[in-house]
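First comes the structure, then the notes that go with it.
Chains as they are written, first to last, in our numbering: chain S, 1 to 313; chain D, 1 to 329.
Below, the structure is given as structure tokens:
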């Protein structure tokens, strides 16, 4: 979680410094849903991610160096500098791609679950999405199909209370989005999305259920996006009071306090972890800065996979 | 060679590929027990079972997206969208997801996904079941577009689509399903993408005919031959990739070109082909490029209205006579 938090803060800084050309949608405040869910999966399991996906990628084992290089649009980035923040994929790690379209990844995760089902593999596909995605047709179609066929899919909703700049209560007539799972014949579970262990436990149980052939689970993690929809968002749509309420429930701070109170780690050890993370990110930024810039003509390659080899036609 | 129908040719391609490769499976609305509303998949459910011939809910976005996710995981899904008009319901999964997955991921995503879909006006089906939406997708890099016009091409192109590594929109004209023709029995018979077929050689005018319009173009060529006009008829077979070389070579020979398709004229596939010829082969043109296509209104229901809107053999004849009149005079 510390790596996710610091990655976001560093990416924001490097965007200001001009290293990163595009948009960033930081997940500061949502580290627990990202990390808790990914830790409950096996390496062979797969995820689809969202436009707020850096935490998911790091949770699934993404290397901050290749991520930072991708954000910087460099050749050594995860997607050769073609995807940017919104589209990072690494099939070796089971990351089928972040997505620029709200709910766009959900049917894809269901398709991955279908492939596992057809081949009799005990693998699980988890779709991350936000509260806004639950109002998209793609979600409903995919949930219905996964419920109907009892596919090994986890619907992981990060309910951060805002769909871009509009609060959830102005976008859906129900407060608990997990209730929608009932309409598709599978359980909907609500967890404290700022408690990494609660998220982990819920997703672990959902994964067990999926592997046992019992079908999907909808896990709704109630959380909060501490920063704007995108970096630079003026955030006129929410109050100082609300932001302070949630800042007091910051998942990274809460988990640190919990580890200390339980006597699992001492301050010194946790500080060292923090320092290690910062050093790792220094390296990632250095890696991105020194990474080669793509040659312009590479833009025309790789559209297709066969002998035409992507030449524009 | 034995003759089978266009529908049987497609079914044969599906059956052979499913036997050849266990990762091939079919999914769509009513493709299983029902055998497909046009009967194309009849018998496959009994042969391969409900897992590999999968009836789906009426959910185009989940059908295409589900096929995409399965393809990314190494399967080779053939999904059926009953009517081309319904592709819009799956628009995001086709245009934003499947088409871009490989490129955006720097080659990490492979998308061997075939989307079989019907096209064209079947007769009084009105505006939401009669469209020819091929060109809507020509504007989207990352998709391949096949439009077979004969049973043999239907079989050979479909096998190429299934064995390929890219998302393919495979357009089957509804009025072709019952048409018979010779089809090779070789299970490894394929037709490559990007190679146009010179169906009838000629010297006076080039008629480029797409999908369901090929038969009408050939009929027109027969009639023109009676008038002493030898038309060369070319079927591009795939719109993406487009075999520009064959089209340009023909134009260099004839100097005149008529492009025929059932899609609407405005920004239809003929607009792209005409632009390519004007850009790259203008020196061969002895007259304007003429397009014969559906008029720019929604396809109407009543037969007389429908006929007025759709292009016919007479329209092709008129276009060729207009082009060749000067030469003959």
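For every residue, glycine included, the Cβ atom is placed at its ideal position computed from N, Cα and C.
Give me the chain D residues within the contact set of residue 141/S, using Cβ-Cβ distance strictly less than 7 Å, ordered along the chain.
Chain D residues near residue 141/S: 59, 61 and 62.
Inter-stretch contact at 8 Å, needing at least 3 Cβ pairs: the stretch 270 to 283 of chain S / the stretch 139 to 157 of chain D:
Because the criterion of three Cβ pairs below 8 Å is not met, the stretch 270 to 283 of chain S and the stretch 139 to 157 of chain D do not touch.
Contact list for residue 159/D against chain S, beta-carbon separation under 9 Å
Chain S residues near residue 159/D: none, gap ~14 Å exceeds 9 Å.
Name the chain S residues whose beta carbon is nearer than 8 Å to that of residue 103/D?
The contacting residues are 82, 302, 303 and 310.
As assigned by DSSP and simplified to three states, the class of residue 308/S
With a pLDDT of only 48 at residue 308/S, under the threshold of 50, the placement of this residue in the model should not be trusted; the figure read from the coordinates follows. Of the three classes helix, strand and coil, the one that applies to residue 308/S here is coil, per DSSP.
Skipping 5 residues on each side, what residues in its chain have a beta carbon closer than 7 Å to that of residue 12/S?
Result list for residue 12/S: 24, 26 and 231, in chain order.
Reference residue 175/D; option with closest CA among 214/D, 93/D, 204/D and 134/D
Ranking 214/D, 93/D, 204/D and 134/D by Cα distance to residue 175/D puts 214/D first.
Terminal residues of the beta strand (DSSP E) in which residue 331/D lies:
Nothing can be reported for residue 331/D: it is not among the residues displayed for chain D, which extend from 1 to 329.
Going by beta-carbon coordinates alone, are residue 133/D and residue 87/D separated by less than 7 Å?
The answer is yes: Cβ separation under 7 Å.
Residue 57/S - containing alpha helix (DSSP H), residue span
54 to 59 is the extent of the alpha helix (DSSP H) around residue 57/S.
Nonlocal neighbours in the same chain, by C-beta distance under 6 Å from residue 227/S, ignoring five residues either side
Same-chain partners within the cutoff: 26 and 28.
Three-state class that DSSP yields for residue 27/S in the structure shown
Coil.
Below-7 Å beta-carbon distance, residue 97/D vs any chain S residue:
Taking Cβ atoms only, chain S reaches closer than 7 Å to residue 97/D, which makes this a yes.
Between residue 159/S and chain D, is there a C-beta pair that is closer than 7 Å?
Closer than 7 Å: no.
Under 9 Å from the C-beta of residue 109/D: neighbouring residues of chain S:
Those within 9 Å of residue 109/D in chain S are 89, 91, 96 and 97.
Is it buried or exposed for residue 310/S, if we count other Cβ within 10 angstroms and need 16 for buried?
Low confidence applies here, because residue 310/S scores a pLDDT of 44, under 50, leaving its location unreliable; read the following figure in that light. Residue burial is scored here from C-beta neighbours: residue 310/S has at least 16 other C-beta atoms within 10 angstroms and is therefore classed as buried.
Could you name each continuous beta strand (DSSP E) segment of 3 residues or more that falls completely within the stretch 56 to 86 of chain D, going from the start of the chain to the end?
Counting only runs of 3 or more, we get 76 to 81.
Residues of its chain near residue 256/S, where Cβ-Cβ distance is below 7 Å and the 5 sequence neighbours each way are ignored:
Once the five neighbours on either side are set aside, the close Cβ partners of residue 256/S are 270.
Chain S within 7 Å of residue 142/D, Cβ atoms only:
Interface with chain S (7 Å Cβ-Cβ cutoff): residue 142/D is included.
Who are the neighbours of residue 271/S on chain D, taking C-beta pairs under 8 Å?
Within 8 Å of the CB of residue 271/S, no CB atom of chain D is found; the nearest one sits about 37 Å away.
For residue 125/D and residue 65/S, the rounded distance between their alpha carbons
One C-alpha to the other measures close to 56 Å.
Contact criterion: CB-CB distance below 7 Å. Does residue 145/S meet it with respect to chain D?
At least one chain D Cβ lies under 7 Å of residue 145/S.
Do the stretch 164 to 177 of chain S and the stretch 202 to 214 of chain S make contact, defined as three or more Cβ pairs closer than 8 Å?
Judged by Cβ distances under 8 Å, the stretch 164 to 177 of chain S makes no contact with the stretch 202 to 214 of chain S, as fewer than three pairs qualify.
If contacts are defined as beta-carbon pairs under 8 Å, then residue 52/D and residue 18/D qualify, I think. What distance do you get, rounded to the angstrom?
Right, their Cβ atoms sit about 6 Å apart.
If we count Cβ pairs, one from each stretch, closer than 8 Å, do we get three or more for the stretch 177 to 186 of chain S versus the stretch 137 to 150 of chain S?
Yes, the stretch 177 to 186 of chain S touches the stretch 137 to 150 of chain S.
Looking at chain S, is there any beta carbon in it that lies within less than 7 Å of the beta carbon of residue 235/D?
Residue 235/D has a beta carbon lying at 7 Å or more from every beta carbon in chain S.
For the stretch 126 to 133 of chain S against the stretch 145 to 160 of chain D, are there 3 or more C-beta pairs whose distance is under 8 Å?
Cβ pair count under 8 Å is below three, so no.
Indicate whether residue 218/S and residue 175/S have their beta-carbon atoms separated by less than 7 Å.
No, these two residues do not count as a Cβ contact at 7 Å.
For residue 306/S, the nearest candidate out of 292/D, 26/D, 304/D and 192/D (CA to CA)
Taking only the C-alpha atoms, the option nearest residue 306/S is 192/D.
Which first and last residues belong to the beta strand (DSSP E) in which residue 221/S is found?
Residues 217 to 222.
Reduced DSSP secondary structure (H/G/I, E/B, other) of residue 165/D:
It is coil, neither helix nor strand.
Which same chain residues end up closer than 7 Å to residue 55/S when comparing Cβ atoms and leaving out the 5 residues on each side of it in sequence?
The beta carbon of residue 55/S is closer than 7 Å to those of 4, 27, 30, 31, 34 and 35 in its chain, skipping five residues each way along the sequence.
Using three-state DSSP, classify residue 167/S as helix, strand or coil.
Of the three classes helix, strand and coil, the one that applies to residue 167/S here is strand, per DSSP.
Kindly indicate which residue of 232/D, 316/D, 180/D and 102/D has the alpha-carbon position closest to the one of residue 3/D.
Ranked by Cα distance from residue 3/D, the first of 232/D, 316/D, 180/D and 102/D is 180/D.
Below 8 Å, how does it come out for the stretch 28 to 45 of chain D and the stretch 199 to 206 of chain D: are there three or more Cβ pairs, yes or no?
The stretch 28 to 45 of chain D, when compared against the stretch 199 to 206 of chain D, does not touch it at the 8 Å Cβ threshold.
Could you tell me which residues DSSP pairs with residue 238/D in its beta bridges?
Its beta-bridge partners are 146/D.
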